[in-house]
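Peer 1: Just dropping this structure here.
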Amino acid sequence: MDSRLNQSWWALKLAFGLVPIVAGLDKFFNLLTDWSQYLSPWVARLVPASAFMQAVGVIEIVAGILVLSKLTRIGAYVVAAWLVGIALNLLTTGHYFDIAVRDVVMAVGAFTLARLSEVRAAAPEAAARPSGALRPAHGHAS
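In terms of the UniProt record's numbering, the sequence shown opens at residue 1 and continues consecutively.
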């Protein structure tokens with residue numbers, strides 16, 4: 001893989017691995033913010049906010065660990081879906097539309113990491129193929 005793409009892959013891997021872990025851990029301590037303020041009122045009526053946020057924290061930590069592991073592609077898809085879910089939750093609060101937009105953009109970044117991971121995983125296979133194996137067959141010698 002081109003070194004520029006490899007550097008981009010590592011930057012995304014670290015960002016989408018470490019940030020969910022830090023945010024997930026903070027769901028138990030509320031040092032960065034009071035996370036329950038971002039919870040949709042209809043969810044807060046169904047479940048205690050602190051318990052819900054701690055469950056969210058566990059999911060975020062697991063997703064971050066997946067991204068940092070050899071399962072980067074799967075973890076990145078989980079993070080992307082999770083961020084879309086967070087954005088939808090934020091839209092139902094009637095507030096935080098700017099954060100919802102930011103989370104959708106971050107979801108696109110996580111999706112990009114997943115796709116880059118697929119390319120990166122396929123790169124050694126393509127390099128191992130004979131050079132003629134990549135050319136389409138046209139029915140005649142060129």
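Even for Gly, the Cβ is constructed at its ideal location relative to N, Cα and C.
The structure displayed is predicted, hence computed values, not measured ones.
(1) Whose C-alpha, out of Ala11, Val119, Leu91, Phe28, is nearest the C-alpha of Ile59?
(2) Where do the N-terminal and C-terminal ends of the alpha helix (DSSP H) with Pro20 fall, by residue?
(3) Tell me whether Phe97 is buried or exposed, calling it buried when 16 or more other Cβ atoms sit within 10 Å of its Cβ.
(4) Could you check whether the segment 70-84 touches the segment 106-113, counting it as contact only if at least three pairs of C-beta atoms, one from each stretch, sit closer than 8 Å?
(5) Of the choices Leu71, Thr72, Ala23, whose alpha-carbon is the least far from that of Val56?
(6) Compare the Cα-Cα distances from Gly64 to each of Arg102, Pro20, Val104, Gln37 and report the closest residue.
(7) Distance check for Leu90 and Tyr38, CA to CA, integer angstroms please.
(8) Given that a residue counts as buried once 16 or more other Cβ atoms are within 10 Å of its Cβ, and exposed if not, what is Leu116?
Peer 2: According to the structure data:
(1) One-based indexing of the sequence shown puts residue 59 at position 59. The residue with the shortest Cα to Cα distance from Ile59 is Phe28.
(2) As a working mapping, residue 20 is identified with position 20 in the sequence shown. Where Pro20 is concerned, the enclosing alpha helix (DSSP H) stretches over 3-26.
(3) If you number the sequence shown from 1, residue 97 lands on position 97. Result: exposed.
(4) yes
(5) Taking the first residue of the sequence shown as position 1, residue 56 is located at position 56. Val56 has its Cα closest to that of Ala23, out of Leu71, Thr72, Ala23.
(6) For the purposes of this step, residue 64 is taken as residue 64 along the sequence shown, with counting starting at 1. Distances from the alpha-carbon of Gly64 to those of Arg102, Pro20, Val104, Gln37 put Pro20 closest.
(7) As a working mapping, residue 38 is identified with position 38 in the sequence shown. As a working mapping, residue 90 is identified with position 90 in the sequence shown. If I take the Cα positions, the gap works out to 6 Å.
(8) Indexing the sequence shown from 1 puts residue 116 at position 116. If you draw a 10 Å sphere on the C-beta of Leu116, you find 16 or more other C-beta atoms in it, and that means buried.
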